[in-house]
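Everything on this sheet refers to the single structure shown next.
Residue numbers (the working numbering): 15 to 179.
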């Protein structure tokens, strides 16, 4: 089975639209929205702040939903391997979700810090901020779906001992 990004495009567009709509309420009434602030700790709503919180929450939820739906799909399309597709929520699926969300969180924090260092405080219109959050949600969806599916179907192999880990 070949996991492809194009298989997640529709889900990405849907999540982008939903999260863009949600973000529109965060930015409602603001004349401009900062991309980031010059300090790490602040109480103001920023585009990067919304994106970073989105990575962890959406990352975990989306990974868990994707894993359950994907396992159901695999069990019907590959019934002969259904015993190999048994996954424990706590032992298998939750760690996959935490790993995907953690990786995204790290990347987005790093990008926000780099943005702040080199671009500083940039103000955008609320509509631009909403579009950016939608784009971030789209990217998060693609990343999480593809990596979650790959984590489910690929096993790690110890090359020295030839045992699966």
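Even for Gly, the Cβ is constructed at its ideal location relative to N, Cα and C.
Here the structure is a predicted model, which means the values were calculated and not measured.
Residue pairing by DSSP places residue 48 opposite 137 in a beta bridge. Each residue's CA atom was taken as its position, placing residue 160 and residue 169 some 15 angstroms apart. The residues 66, in chain order, have a CB closer than 7 angstroms to that of residue 123 in the same chain once the five nearest residues on each side in sequence are set aside.
If you draw a 10 Å sphere on the C-beta of residue 144, you find 16 or more other C-beta atoms in it, and that means buried. Counted as a single uninterrupted DSSP element, the alpha helix (DSSP H) harbouring residue 86 occupies residues 61 to 91. Non-local beta-carbon contacts of residue 52 in its own chain, meaning distances under 8 angstroms to residues more than five positions away in sequence, involve 130, 134, 135 in chain order. Shown here, residue 33 sits in a helix according to DSSP, grouped into three states. Excluding residues up to 5 positions away in sequence, 152 lie with their Cβ nearer than 7 angstroms to the Cβ of residue 27 in the same chain. Here residue 120 is exposed, its C-beta having fewer than 16 other C-beta atoms within 10 Å.
In the same chain as residue 44, and ignoring 5 residues on each side of it, the C-beta atoms closer than 6 angstroms to its own belong to 140, in chain order.
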